[in-house]
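S.K.:
Residue numbers (the UniProt record's numbering): 1 to 256.
Here it is as structure tokens:
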């Protein structure tokens, strides 16, 4: 049976493959990214056509969130301290605009702030940067309008353990605060000091920015190659499951 590293390689095959390749009708298994590493673990990537079908059907079926949460609850107490609760009480909300492509152009919107046409991925992460909930909209949708959807998804994923959410100034307004309060969450806006100029590392909020950077390193998530927003969301869950699995493998090896 493949170990954790083997599963990581299989996931990477799908995530690092552009959409145009994932739908190709290949009939044989092919070595893909890190072929030498794949040989070391005895893994041969499945046919690209199979990966393409999997990337559409599995995320749409809701499988990735069910995979990522057990990994997160397993890894979080080990990575911080033995006294840390497995479910978070604080999260960070933010949105990431992804450039559209011809495959996804029909559902794209224009983000005037980023000056980019595409999709906006609204993410909720814990204080370690692990993905808890995600919602995809056209890029022209406001972040404050997605608070209710994100807050509800976060509470469902964590058993209503979250009490506080750190956000930027895009989440100001009575509508956003009321939507969060309805789910038992208090929004805390982390503001940039007007006296500061250039790059500033904002307390708490840098965590979600780092998570965006993690996601952007997966070629399949660098742009919006998907025809369905459900597929784009699902591949984010797979990517973060992969990241957590790579962190957890040393812990499992140590315990054994």
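Note that CB positions come from ideal geometry on N, CA and C, so glycine has one too.
1. Where does the unbroken beta strand (DSSP E) through residue 221 begin, and where does it stop?
2. Kindly indicate which three-state DSSP category residue 137 falls into: helix, strand or coil?
3. Specify whether the region 202 to 217 and the region 174 to 184 touch according to this definition: at least 3 beta carbon pairs, one from each stretch, less than 8 angstroms apart.
4. Report the start-end ranges of each beta strand (DSSP E) in the region 100 to 171 that is 3 residues or longer and not cut off at the edges.
5. Grab me the residues of residue 127's own chain with a C-beta within less than 7 angstroms of its C-beta, minus the 5 sequence neighbours each way, in chain order.
6. So, for residue 116: in the same chain, excluding its five sequence neighbours on each side, which residues have a beta-carbon less than 8 angstroms away from its beta-carbon?
7. Please say whether residue 153 and residue 119 have beta carbons closer to each other than 9 angstroms?
8. Please tell me whether residue 157 and residue 186 are closer than 9 angstroms, where the distance is taken between their beta carbons.
9. For residue 187, write down the residues that DSSP places opposite it in a beta bridge.
10. Residue 233: buried (16+ other C-beta within 10 angstroms of its C-beta) or exposed?
11. Out of 163, 141, 220, which has the shortest C-alpha to C-alpha gap to residue 170?
12. Since residue 95 sits in a beta bridge, which residues does DSSP pair it with?
13. On the DSSP bridge list, what partners appear for residue 90?
14. Roughly how many whole angstroms lie between the Cα atoms of residue 229 and residue 172?
15. Put residue 225 into one of helix, strand or coil per three-state DSSP.
16. Roughly how many angstroms lie between the CA atoms of residue 250 and residue 223, to the nearest whole one?
17. Would the beta-carbon of residue 130 fall within 9 angstroms of that of residue 149?
18. Between residue 146 and the rest of its own chain, which residues show a CB-CB distance below 7 angstroms, the 5 nearest in sequence each way excluded?
19. In the structure shown, what three-state DSSP assignment does residue 3 receive?
20. Quick check on this structure: which residue in 133, 85, 107, 95 has the alpha carbon closest to the alpha carbon of residue 226?
21. For residue 133, count neighbouring Cβ atoms within 10 angstroms of its own Cβ and tell me buried if that reaches 16, exposed if not.
M.R.: Taking the structure as given:
1. Counting along the chain, residue 221 falls outside any beta strand (DSSP E), though it belongs to the alpha helix (DSSP H) covering 219 to 222.
2. strand
3. no
4. 109 to 111, 116 to 126, 131 to 138, 164 to 167
5. 88, 90, 207
6. 97, 99, 110, 139
7. Not in contact: residue 119 and residue 153 (Cβ atoms no closer than 9 angstroms).
8. no
9. 165
10. Looking at its Cβ environment, which holds 16 or more other Cβ atoms inside 10 Å, residue 233 is buried.
11. 141
12. Answer by DSSP bridge pairing, in chain order: 122.
13. 164
14. Straight-line Cα distance between these residues: approximately 26 angstroms.
15. coil
16. 31 angstroms
17. no
18. 122, 135, 137
19. With a pLDDT of 41 at residue 3, under the threshold of 50, the predicted position of this residue should be treated as unreliable, and no value is reported.
20. 107
21. By the 16-neighbour rule on beta-carbons within 10 angstroms, residue 133 is buried.
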